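Presented below is the structure to which this report refers.
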Amino acid sequence: MGSFAPQAGGAPQVPRSPRYDRLTPDNCRRLHDASLSILERTGVVLHDAEAVERLAGAGARVTDDGRVHVPGELVEWALGVAPHTVTLHDRLGAPRLALEGDNVFFGPGSDCLHIVDHRTGERRMARLADTRDGVTLVDALPNMDFGMSMFLPSDVPPEMADREQMAIMLRHTTKPLVVVTYDVDAMLDAVAMAEAVAGGAEALRERPTIALYINVTRGLVHNGDSLRKLLILAERGLPALWIPVTSGGTTGPVTMAGNVALNNAGVLVGIVLAQLVREGAPVVIPGFGGDALDLRTMVDPYAEPDHRGVVPSLAHHYGLPMFSLAGGSDSKQPDQQAATDAALTMLVDALAGGHLIHDSGYLESGLTGSLAQLAICDEIAAWIRAAIGPVIIDDETLALDLVDALGPDGSFLEAQHTLDHYRERWYPSLIDRLSHSAWMSRGGATLGERATVRVEQLLARHQAPPLPEPAEQAIAEILNRAAATARTAPIP
Amino acid sequence: MSDELFAALRQAVIDGDAASAGTLAQQVLDTGVPPLAAIDNGLVPGLSWVGEEFGKGELFLPDMMLAARAMQKAMAILEPELQAQSAKRHVVGRVVIGTVKGDIHEIGKNLVGMMLSTSGFEVHDLGVDVAPDRFVEAAREHNADIVGVSALLTTTMAGQRTVVEALAAAGMRPGVKVIVGGAPASESWAAEIGADGYSEDAIGAVALARRLLGAEAAATA
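Chains G and W, in that order, give the protein sequences. FYI, my numbering numbers position 355 of the first sequence as 355, with every residue one higher than the one before it. FYI, my numbering numbers position 44 of the second sequence as 1044, with every residue one higher than the one before it.
Right under this line is the structure:
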């Protein structure tokens, strides 16, 4: 048997992608130099005293206007000590996702406000049951490699929503998780829950099952909560996704190069800070960016082409683990556009070696999620894995003896070699290639309709193994304590 | 003669041509055309046209900004004469705008502020992470007709209700209208917290503000 059989059971295999590099090494050096120049000349605004002190203590200049000017040598030092790989583990502590080289892994996004309900086609506010269904589906789908919350539940108190999502994710999938929390306390609770499942703080540090997603205000302005989160995670040695966002034409230059250079300056500050707290602290940097609002509609598009591959090139230039964005659509329904948006963006990001690629199943530029769309993205991921995997060329696969034995006009259908290897070819689960009559006899369903059926089937039969009782208890205690605190907290 | 001048001013605003707008404004003064007429018949229709085309998705936000800049250039030249004649330019309404406490998202709020101000509203932008009391103080200080409250997060949107309540506690409701916006906000949310309106985008916010003030004018007329 060949070593590449993506449809086989068990853990998804890691395709080594033939990398598509949008930028040349010279491009990358120029962007990096521009970022250093921005840091030294313009500086950043950091809304956290400890972060400013740490940088100042390491040689950064703090000017009267409060801006922190970070010297290039400090950045180069940090890039030299930051780890070049981060490995995320599954619930049982087995290593699953090595964020390095050209590895690519797919997963959903987080916190959609709405869902297009696959049962009714209706767009409505998302509920906690949708989060559970989404995470269960991620667990069931063979090509979704990690979990995120997918939906922001509207039927729980807002201040508890992120903790409730965390509990659901830990219960309903064994896959590694990317975790989004609002504030520092919620992040600490999420970490505590993950520790309870992993078997303690030490176990979670050694075999992290979670990476914590920190959304930073903009390239050169970092909010206090984000900085606190980064410093705490660095101290604890847990993977932080440090993701400043700069929107071309509004919070940064409209031109791709200027936008990427500016945002990258903010990325570099995060790397420096984490390494100052603890050399070797795991930081995952953006594999997306350089985007812009649609200046006709003011929508923030998710599937636009022009910046694809740019930031992944830069992240590869640094040799650092990255968190990318593909599979999301700007369409309102899981329709033709949604499938096109998802397929194109996922393919480019996979070719670009985007490591941890999130936002499968997003519609409406991230405001709405769809389980049917997630199932379609899973199929696209399978297709991509088959399309970019290595080709095995050896005596067995060349089969020269067989070719000679059967001769120029031989039939290969009955050969043992065919029986041995035919399963190595890729077969779709959702994509249709039946004859017209066979397709009609099976109901003549569209891709969207078939995806809906698949979602229903998987949700009906799949359930992740339950958590051990002590972990369940610990999670319940954390939720109860947080809920009690929220009830007694003053109205802001 | 002045009709031609008005048409040229209108076109200069549409083209976003600040230099021409300035030259034409100077011609208005040199030829003794009343500045207010030049504004109402030249500049404002030009800007309105650009706003409408933007609303239809035909033009880009930077087109709006260039048009606004051309208008400002002309206004800067007409303004002194306007004051000398003690003619007052019509302000559609006064708006205080900001993002709620605990929320630092600004892009949407900035767009609404810009659209309102290019549409003839006097806009006072309080920035982000604004405490309820600041909204109240600013509304009082600027004699605001409308307070616009932005929130991007489900965790901070409750702050929109707090602003409505703070204005009520200060005895400024329902005289001062409250409009809300941001990804988690909605028509029903606005109704639930007792705000006067919601819009999902900046163009809609201008229409909403106009509607609220129009309704007010009709009620007090």
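Yeah, the Cβ is synthetic: ideal placement off N, Cα and C, and Gly gets one too. Since we're looking at a predicted model, the values are computed, not measured.
With a threshold of 8 Å between beta carbons, Pro-1184 (chain W) makes contact with chain G.
Within the model, the alpha-carbon separation for Arg-132 (chain G) versus His-1105 (chain W) is close to 29 Å.
Distance from the Cα of Ile-1179 (chain W) is smallest, within the candidate group W:Leu-1116, W:Thr-1154, W:Ala-1012, for W:Leu-1116.
Across the structure, Lys-332 (chain G) and Leu-344 (chain G) are spaced so that their CA atoms are roughly 17 Å apart. Counting along the chain, the unbroken beta strand (DSSP E) around Met-125 (chain G) starts and ends at 123-125. Along the region 351-373 of chain G, the positions whose C-beta sits under 7 Å from a C-beta of chain W are Leu-367, read in chain order.
Rounded to the nearest whole angstrom, the C-alpha separation of Ser-110 (chain G) and Ile-393 (chain G) is 41 Å. Interface with chain W (8 Å Cβ-Cβ cutoff): Arg-487 (chain G) is excluded. Here the region 462-474 of chain G makes contact with the region 192-209 of chain G; the two share three or more CB pairs at distances below 8 Å. By the CB criterion at 8 Å, Arg-19 (chain G) and Gly-353 (chain G) fall inside the cutoff. In this structure, Leu-325 (chain G) places its C-beta atom within 8 Å of the C-beta atom of His-358 (chain G). If you ignore the 5 residues before and after Ala-415 (chain G), its C-beta comes within less than 8 Å of the C-beta of Leu-402, Leu-406, all in its own chain and listed in chain order. Per DSSP, reduced to three states, the secondary structure at Trp-242 (chain G) is strand.
Look at Glu-100 (chain G) here: in three-state DSSP terms it is coil, with no helix or strand label.
Within the same chain, Cβ atoms closer than 8 Å to the Cβ of Pro-1184 (chain W) are found at Ala-1151, Leu-1152, Leu-1153, Thr-1154, Met-1157, the five residues on either side in sequence being excluded.
Shown in chain order are the members of the region 159-176 of chain G whose Cβ falls below 9 Å from a Cβ of chain W: Glu-159, Ala-161, Asp-162. Close to Gly-1057 (chain W), with beta-carbon spacing below 8 Å, are these residues of chain G in chain order: Arg-296, Thr-297. Contact check for Leu-238 (chain G) against Leu-212 (chain G) passes: the beta carbons are separated by less than 8 Å.
Listed in chain order, the positions of the region 131-157 of chain G with a beta carbon within less than 7 Å of a beta carbon of chain W are Leu-152. Within the region 105-132 of chain G, the residues whose Cβ lies closer than 8 Å to some Cβ of chain W are Leu-113, listed in chain order.
Just measuring C-alpha positions, the residue of G:Pro-176, G:Cys-112, G:Gly-66, G:Leu-99 sitting nearest Leu-92 (chain G) is G:Pro-176. In this structure, Leu-152 (chain G) places its C-beta atom within 8 Å of the C-beta atom of Ala-161 (chain G). Val-269 (chain G) is a Cβ neighbour of Leu-39 (chain G), given a cutoff of 8 Å.
Interface annotation, Ser-329 (chain G): not in contact with chain W, CB-CB separation never under 8 Å.
Chain-ordered, the chain G residues with CB closer than 9 Å to the CB of Pro-1062 (chain W) read Gly-249, Val-254, Leu-295. Burial is judged here by how many other beta carbons sit within 10 angstroms of a residue's own beta carbon; Gly-1057 (chain W) has fewer than 16 and is exposed. Contact annotation: in the region 1109-1120 of chain W, residues whose CB is within less than 9 Å of a CB in chain G are Asn-1110, Leu-1111. Annotation: the continuous alpha helix (DSSP H) that includes Leu-276 (chain G) extends over 256-277.
Closest in alpha carbon position to Leu-1066 (chain W), among W:Gly-1016, W:Asp-1030, W:Glu-1165, W:Val-1164, is W:Gly-1016.
When the five nearest sequence neighbours on each side are left out, the beta carbons in the same chain lying within less than 6 Å of the beta carbon of His-317 (chain G) are those of Cys-28, in order along the chain.
In the structure shown, Leu-1059 (chain W) adopts coil according to DSSP, grouped into three states. The beta carbon of Ile-380 (chain G) is closer than 6 Å to those of Ala-342, Ala-343, Met-346 in its chain, skipping five residues each way along the sequence.
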